[in-house]
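Since the structure comes first, as structure tokens, the remarks are kept for the end.
Protein chains: 2
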Amino acid sequence: MKDSHKLIIDNVSRFIDLTELEKQKYISLLTEVKVKRRAYLMQAGEITKYEYFITKGCLKAYTLDVDGVPHISMFAVEDYWTGDIASFITKQPSRYFIKATEDSELLGISRANYDLLFQEIPKFERFYRILYQRSLISYIRRSNHGISLTAEERYIEFKKKYPNIVNRITQKDLAGYIGITPEFMSKIISKVNRM
Amino acid sequence: MKDSHKLIIDNVSRFIDLTELEKQKYISLLTEVKVKRRAYLMQAGEITKYEYFITKGCLKAYTLDVDGVPHISMFAVEDYWTGDIASFITKQPSRYFIKATEDSELLGISRANYDLLFQEIPKFERFYRILYQRSLISYIRRSNHGISLTAEERYIEFKKKYPNIVNRITQKDLAGYIGITPEFMSKIISKVNRM
DNA sequence: GAAAAAAAATGAACTAGTTTAAGACTTTTA
DNA sequence: TAAAAGTCTTAAACTAGTTCATTTTTTTTC
Chain A
2 MKDSHKLIID NVSRFIDLTE LEKQKYISLL TEVKVKRRAY LMQAGEITKY EYFITKGCLK
62 AYTLDVDGVP HISMFAVEDY WTGDIASFIT KQPSRYFIKA TEDSELLGIS RANYDLLFQE
122 IPKFERFYRI LYQRSLISYI RRSNHGISLT AEERYIEFKK KYPNIVNRIT QKDLAGYIGI
182 TPEFMSKIIS KVNRM
Chain B
2 MKDSHKLIID NVSRFIDLTE LEKQKYISLL TEVKVKRRAY LMQAGEITKY EYFITKGCLK
62 AYTLDVDGVP HISMFAVEDY WTGDIASFIT KQPSRYFIKA TEDSELLGIS RANYDLLFQE
122 IPKFERFYRI LYQRSLISYI RRSNHGISLT AEERYIEFKK KYPNIVNRIT QKDLAGYIGI
182 TPEFMSKIIS KVNRM
């Protein structure tokens, strides 16, 4: 089996057990996608056709506000899932751009195959139930931190939680994620490093 | 069938179809709970034993920061779900208080019955998959708004999204949800009303 | 229904984070 | 490998939101 397929099967197998046949069936529903550094996986205005699992590389998802300032909603590296679940599910145009910050490789599942998957292997309802449950727990935490922590505290949290991501992204993008300007991010970092 | 049971069955039936027997089985796994205004459904430090569906009333969930300032993570009224999913799933002590702001009635499912439910009626994997998916979509939006909108914009959003909640809660609690002080909330409201 | 307690409004002094601008450093491109 | 473009740093002036203190209004309690 390919390395990328092994990675996604291992990811799924954390929550459900699949037979060999089911693994093959699942893999047959996936599409391989490569995105070069600085290329877009998707852009605002499109209706998202796929949800993606990353097997290699790093991507950022962001919206642009009325002044054209980017607000980064997520970074994603190997073994993470990415996409715009709201657009994928509701079939409404997305407000997100997803751009590769390194040459990346992904496995995508189309909306049609996603629906088919639940019919063919109902166990996947459980997989996604648990996956969404866990994502939900981290977004609840993040939405609380956004309103209750200072920018400096959010930066310290991020570094602690994603030590493997912090040195793969620019300071400017991190500022867009934390919700502050790059200038203030620069101040915070030099302050935290001095402590 | 009791009104409260009818309400929860209708809620579940939006995503999955249940036979009469399954409905009865599901209801048998639920526990009725009443909470008086200003009483706690749960408190920080406890390990959450239940997830709740509200059949009557209104509750708020909040954490206290290091200075003892409350940050409200959610309001919930009839036909909403509430609880601390992180503590419920991980069996770690919760950091949340959930307090009734009106006399309230709820249906709780214990962790043991929640696990049993998936064995007895696997269709519920699908129900929770969709429920968590939808919650996830709204928390992703909220966590982005927390970092990309001003307090005034967040207030206007809240009023638009939850017109049925805004006049059942105090301005002070709304401030705790928006992530600002009650004083600044007061200023925003008088400004927005003047517009 | 009077007294007490809590919520809301207002204002002045303050602070976390923004804006604008300019220079130094790093990466990309031709 | 030079020039162009993007990123990072620093600093001064500014603004969104806080803090603290006081008064008014509303709600709760006995």
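Residue numbers (our numbering), protein chains in the order written: chain A, 2 to 196; chain B, 2 to 196. Built from N, CA and C at the ideal position, the CB exists for glycine as well.
- Using a Cβ-Cβ cut-off of 8 Å, E106 (chain A) does not count as an interface residue toward chain B, since no Cβ of chain B sits closer than that to its own.
- A direct Cα-Cα distance of roughly 27 Å separates G58 (chain A) from G147 (chain A).
- S191 (chain A) counts as exposed, since fewer than 16 other beta carbons sit within 10 angstroms of its beta carbon.
- DSSP places I17 (chain A) outside both helix and strand once states are collapsed to three, so it counts as coil.
- Taking a cut-off of 8 Å on C-beta distances, the region 23-40 of chain A does not touch the region 71-81 of chain A, as fewer than three cross pairs fall below it.
- Taking E121 (chain B) as reference, the option from B:Y140, B:K24, B:E184 with the minimal CA-CA separation is B:K24.
- Proximity to S149 (chain B) across A:E33, A:I179, A:S111 peaks at A:I179, based on C-alpha coordinates.
- Between the region 95-115 of chain B and the region 47-56 of chain B, the count of C-beta pairs closer than 8 Å reaches three or more; the two stretches touch.
- Sequence-distant partners of Y115 (chain A) (beyond 5 residues in either direction) whose C-beta falls short of 6 Å from its own C-beta are missing from its chain.
- Per DSSP, the continuous beta strand (DSSP E) segment holding P71 (chain A) begins and ends at 71-78.
- In this structure, R39 (chain A) places its C-beta atom within 8 Å of the C-beta atom of K100 (chain A).
- For the region 5-27 of chain B, the beta-carbon criterion of a distance under 9 Å to any beta-carbon of chain A is satisfied by none of its residues.
- Given a length threshold of 3 residues, the region 107-195 of chain A has no whole run of the beta strand (DSSP E) inside it.
- Separation of N194 (chain A) and T171 (chain A) (C-alpha to C-alpha, rounded to the nearest whole angstrom) is 17 Å.
- Contact between the region 152-165 of chain B and the region 150-160 of chain A is absent: fewer than 3 CB-CB pairs across the two stretches fall below 8 Å.
- The alpha-carbon separation between G177 (chain A) and N145 (chain B) amounts to approximately 11 Å.
- Nearest C-alpha to D104 (chain A) among A:L65, A:Q44, A:K37, A:I10: A:K37.
- Taking the C-beta atoms as reference points, T83 (chain A) is found nearer than 8 Å to I55 (chain A).
- Identification of residues in the region 143-163 of chain A having a C-beta nearer than 7 Å to some C-beta of chain B yields R143, S144, N145, G147, I148, S149, given in sequence order.
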